[in-house]
Each structure stands twice: as C-alpha cells, then as structure tokens.
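Numbering (mature numbering (1 follows the signal peptide of the UniProt record, and there is no 0)) for the sequence shown: -20 to -1, 1 to 129.
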Amino acid sequence: MKCVIMLSIVAFCLAGVAIGSLIGGKRPLTQEDVKSSEFRGALDMATLEMNRLSSHPRFHAVLNFVRGTKQVVAGVLYEFSIVLRATECENHEAQNLENLAKCAPVNLLGASEFHCDFKVLYQPWSGNSEYRVMSEPSCVSPREVPFAG
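Structure (structure tokens):
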C-alpha cells in the first residue's frame, strides 16, 4: 500500500513539472530570447511587413519591445507587441534590412507612433525565407491603447 501511495506522489509531482513546461505551450519571452538572433530576425521581418503595408510617408522603426511569447510548433511561433515610431527615412517600396539598420526612430514632438501586435513563424530549414508573418499586424496609436495597470 505504501508503494502505491509513493508511486502516486511521484507521478503527481512529475505531472506538475510536465504541465508547467508543456511541449508546444506558449512561454513568455525572456531577456535572452529578446536578444537572440532568431527573435531579432522575427522583429525585423515584422517591422518590414508593417512598413510595406503602411501608407505613411515615413519609415517606422522599433522604439520599444512591450511583451511577447514563443511557442514551439513546426518551428517557433513568436507573438509580440512593439511600439514603432517614425524615422527620418521615407517609406518606399524598396523595403529591406538596410533601412532598418540606418533608420532610427526620431525623438521629435508629434512623431507618429504605433503599438502593433505581430505573429511571426521562424522555420530555419525553409530556405531563403526563414521568417513568415502569419497575419497582418494589428496596430493602433498608443493614445488608443487602454491603460492596463
């Protein structure tokens, strides 16, 4: 009887550990994740996509990372929120990573900002397009974001 009780306790503890770190479950992004080249690539792809879809005359760049999660699926699915601010660069059709490197957000009063949510799938084995934006970004002006506190 003691053996059954002990095995039940061990099984319960192992189940608790497994549930806490479900394979395929969403996990908050850590500082290490945010600094990783994999996440930076997802962030760059999301920024380029937002600028491609935007009719704003100025290129927008990341001002702040707000929050995010990652989920292991057939690759890594990143879901994250960022604040983008206008740069001094013009937004034109030739969007590329060079624009991201040379166009920093400007600190001008009235510079347009957007709070955007993205979903980006990272699949390193998929050839020349390792990153794929899974849906159109959802963006609002920070003035429209409700205070959560």
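Beta carbons are placed, not taken as given, at the ideal position from N, Cα and C, and that holds for glycine.
Suppose the cutoff is 7 Å on Cβ atoms and the five residues either side in sequence are ignored; what does the same chain contact list for leucine 77 look like? Asp24
Apart from the five residues just before and just after leucine 89, which ones in its own chain have a Cβ nearer than 6 Å to its Cβ? none
Is the Cβ-Cβ distance between tyrosine 102 and glutamate 93 less than 8 Å? no
Does lysine 65 pass the burial test, meaning 16 or more other C-beta atoms within 10 Å, or should it be called exposed? Reading off the sequence, residue 65 comes out as arginine, not lysine. Arginine 65 should be labelled buried.
8 Å contact criterion, which proline 117 and cysteine 96 should meet: CB distance rounded: 5 Å
So, alanine 41 versus valine 113, is the Cβ gap smaller than 8 Å? no
What first and last residue would you give for the alpha helix (DSSP H) that runs through asparagine 31? 17 to 33
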